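Number of protein chains: 2
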Amino acid sequence: MIRTPYLLFLGDAHDNLAAKVAQGIKDWNPDSVVGQFRMEGCNADVGAPDMSLQEAYDKGARTLVVGVANRGGVISDAWLRVLAEAMEIGFDLASGLHNLLRDEKLLKATSARTGATLHDVRIPTVAYPIANGVKRTGKRCLAIGTDCSVGKMYTGLAMDAEMQKRGMKSTFRPTGQTGILITGKGVPLDAVVADFMAGAVEWLTPDAEADHWDHIEGQGSLWHVSYSGVTMALIHGGQPDALILAHEPTRTHMRGLPGFGLPKLEELRDMALPLARIANPACVVAGVSVNTKALGDDEALALCAEIEDRMGLPTVDPYRHGAARLVDALSVI
Amino acid sequence: MIRTPYLLFLGDAHDNLAAKVAQGIKDWNPDSVVGQFRMEGCNADVGAPDMSLQEAYDKGARTLVVGVANRGGVISDAWLRVLAEAMEIGFDLASGLHNLLRDEKLLKATSARTGATLHDVRIPTVAYPIANGVKRTGKRCLAIGTDCSVGKMYTGLAMDAEMQKRGMKSTFRPTGQTGILITGKGVPLDAVVADFMAGAVEWLTPDAEADHWDHIEGQGSLWHVSYSGVTMALIHGGQPDALILAHEPTRTHMRGLPGFGLPKLEELRDMALPLARIANPACVVAGVSVNTKALGDDEALALCAEIEDRMGLPTVDPYRHGAARLVDALSVI
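Given below as structure tokens:
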């Protein structure tokens, strides 16, 4: 577990997109955020109070979270100085960067001297089992996408938040670094060794009360040839009772794969459901989540209505319209 | 690359099944085998000449291959003494065991002193790329199974051997430890980190001449919830032109998963082909490989005929009947 609350490190992010990890934490777990720390030249702003390291520490922050993508995969000297100073003050560090905090000599040495913990959330810390496929108690929902990065995490977070609001039993189960930083725990699935992927998902979503829902964060896409194996492990390790189809309507080709078109939602449904039923014969497709960020209000509503009519499934942008109708659909399962 | 030829270490294997890795090497790359080394109490025999370490070394053997499963995941003291002695004589060691040679102090120290190399073939030694999905030249064939351990490796090896016999261009591409020990190279796919699985398969089967066939060793099964993600990465990273459906007719449930039934060959075909066509729209199902080991001669022929009639695909047990008809089917692709 990562100590909360957080101070969000935005570094010298050149835009808000570079700070999307920090934005995700601020959006989905605002209570965990004391403030944001911005360096000279930072153009990002996640809407948290600007604060110095000391000020944030005095207000209770205990972990400085690197919530920003770094350029060229290198942690700059300017960043390193701030991160080391934070440990001197008493912070732990947490990061989802590909290049690891622990690989930086200054950070390693400072953490050893101060006793601060370095959380590289991309690296698994658990010896996951091989999946055994045994049916677990409780209910599970998994969003699967027509592509990567179409809003699967936000869909799960929004459904979890809606269930919490209704007093239902539910837990968001992160499988990627942003989700792990939002909740403080989870499985960095893309870094798990192949044989243990499905077992890691089983471990992440254990037996629960019969009316409890796990919202498992999806990864990749069955249509994305770079990561489809990870998606498959989520479908079989997660043994979902419900699938939500996630889609971004303006994408012209699979992310990072020019020449690969996106599937139709019908194709995704028809491929994913039989695969899911291998692990859980009772699985159903419960709804559609459309990421309408690129559309105007009317256009977004019209598209959702068109898909809903075509697919016969409740269809919303959970970020824009709320996840109530998706939760309604789960409530009858 | 692992130095050849090999002396096969059978240890104190209690039966031939425990020595199946050694048997695979003997069956599929007999030219690489100088002999077998058996300890007191060994009940296995792969049909190679029994030999002392020194005798095998004098006959040219350069790597002692641990071709046997150990009990309880522990390399016994008796084994360790033999393995260390081999390094003193001049052998390298190679092993596909889960517990690693390099984790044994005696072996590590002896290898450091003698300069012998320890090959733990379960551990990747390459930084594989993320798959890019770009279409590669040459042809690829992948066997996919109704379950794990139904003869996918033997199918690929038999088809490769048949092509070699005909003077066709072909290469067997191992993805598991036995295959790697047979050919001296490959990708230990079950030990690759999730994000790089499909990329490792792309790396394993690079561009080749237009009339060259790669026979990619299959792993797992789309129906095996523990390993289906690995199978998926093979289908998308391998971008096969041809799939061979592999089946073992006496299996009553998925290996290691009581309660999970096997799919029909028709279900496997209908699930796998659309998935494969995401990566390679030209992919076809070219034949069926039946592991008839548990059947009598007449029964085996009758079953293959029945499946061939039902599926409209050439159907053989390549180990029993030869792979000629499967190769014929590829020759027209």
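Keeping their order, the protein sequence lines are chains A and B.
So the first sequence is numbered by our numbering: it starts at 1 and just counts up by one.
So the second sequence is numbered by our numbering: it starts at 1 and just counts up by one.
Beta carbons are placed, not taken as given, at the ideal position from N, Cα and C, and that holds for glycine.
Small disclaimer: the values here were computed from a predicted structure and weren't measured.
Considering just the uninterrupted stretch of the alpha helix (DSSP H) at residue i, what are its terminal residues?
{"i": "H224/A", "result": "Segment: none, H224/A is in no alpha helix (DSSP H) and carries neither H nor E."}
{"i": "A276/B", "result": "L265 to A279"}
{"i": "A286/A", "result": "Careful: A286/A lies outside any alpha helix (DSSP H), inside the beta strand (DSSP E) at V284 to V290."}
{"i": "D328/B", "result": "A324 to S331"}
{"i": "Y319/A", "result": "P318 to H321"}
Would you identify the three-state DSSP class for residue i, choosing helix, strand or coil?
{"i": "Y154/A", "result": "helix"}
{"i": "G60/A", "result": "coil"}
{"i": "D120/A", "result": "strand"}
{"i": "A18/A", "result": "helix"}
{"i": "L10/B", "result": "strand"}
{"i": "S52/A", "result": "coil"}
{"i": "R38/A", "result": "strand"}
{"i": "S149/B", "result": "coil"}
{"i": "E25/B", "result": "A small fix is needed here, since residue 25/B is Ile in this sequence, not Glu. Helix at I25/B."}
{"i": "T114/B", "result": "helix"}
{"i": "A131/B", "result": "coil"}
{"i": "K139/A", "result": "strand"}
{"i": "A44/B", "result": "coil"}
{"i": "A246/B", "result": "strand"}
Taking buried to mean at least 16 other C-beta atoms within 10 Å of its own C-beta, is residue i buried or exposed?
{"i": "T252/B", "result": "exposed"}
{"i": "M153/A", "result": "buried"}
{"i": "D115/B", "result": "In the sequence as displayed, the identity of residue 115/B is Gly instead of Asp. Answer is exposed; the Cβ neighbour count stays below 16."}
{"i": "G237/A", "result": "buried"}
{"i": "G73/A", "result": "exposed"}
{"i": "H98/B", "result": "exposed"}
{"i": "R71/A", "result": "exposed"}
{"i": "I182/A", "result": "buried"}
{"i": "E40/B", "result": "exposed"}
{"i": "G229/A", "result": "buried"}
{"i": "A279/B", "result": "buried"}
{"i": "V150/A", "result": "buried"}
{"i": "M51/A", "result": "buried"}
{"i": "I123/A", "result": "exposed"}
{"i": "T292/B", "result": "buried"}
{"i": "M1/B", "result": "exposed"}
{"i": "V334/A", "result": "No answer is possible for residue 334/A: it lies beyond the span of chain A, which begins at 1 and ends at 333."}
{"i": "V126/A", "result": "exposed"}
{"i": "V34/B", "result": "buried"}
{"i": "K105/A", "result": "exposed"}
{"i": "L17/A", "result": "exposed"}
{"i": "G60/B", "result": "exposed"}
{"i": "A282/A", "result": "exposed"}
{"i": "K135/B", "result": "exposed"}
{"i": "T175/B", "result": "buried"}
{"i": "E248/B", "result": "buried"}
{"i": "R166/A", "result": "exposed"}
{"i": "A78/A", "result": "exposed"}
{"i": "E266/B", "result": "exposed"}
Between which two residues does the beta strand (DSSP E) containing residue i stretch?
{"i": "C304/B", "result": "Unbroken run through C304/B is the alpha helix (DSSP H), D297 to M311; no beta strand (DSSP E)."}
ask   = Is it true that the region 201-212 of chain B meets the region 192-209 of chain A, where meeting means three or more beta-carbon pairs spaced less than 8 Å apart?
value = no
query = Counting Cβ pairs closer than 8 Å, one from the region 257-276 of chain A and one from the region 221-240 of chain A, do we hit at least three?
reply = yes
ask   = Can you list the alpha helix (DSSP H) stretches of 4 or more residues lying completely in the region 170-242 of chain A, in chain order?
value = 177-183, 197-204 and 228-238
query = Would you say the region 286-297 of chain A touches the region 312-331 of chain A, given that touching needs at least three Cβ pairs under 8 Å?
reply = yes
request  = Taking 8 Å as the threshold, find out whether the region 40-56 of chain B comes into contact with the region 151-170 of chain B through three or more Cβ pairs.
outcome  = no
Touch test, the region 209-218 of chain A against the region 142-151 of chain A, Cβ-Cβ under 8 Å, three pairs minimum = yes
Every unbroken beta strand (DSSP E) inside the region 65-110 of chain A [3 residues or more] = 92-95
request  = Spell out a yes or no on whether the region 308-324 of chain A and the region 101-111 of chain B are touching, meaning 3 or more CB-CB pairs, one atom from each, closer than 8 Å.
outcome  = no
ask   = Quick check: the region 153-165 of chain A against the region 296-305 of chain A, are there 3 or more CB pairs under 8 Å?
value = no
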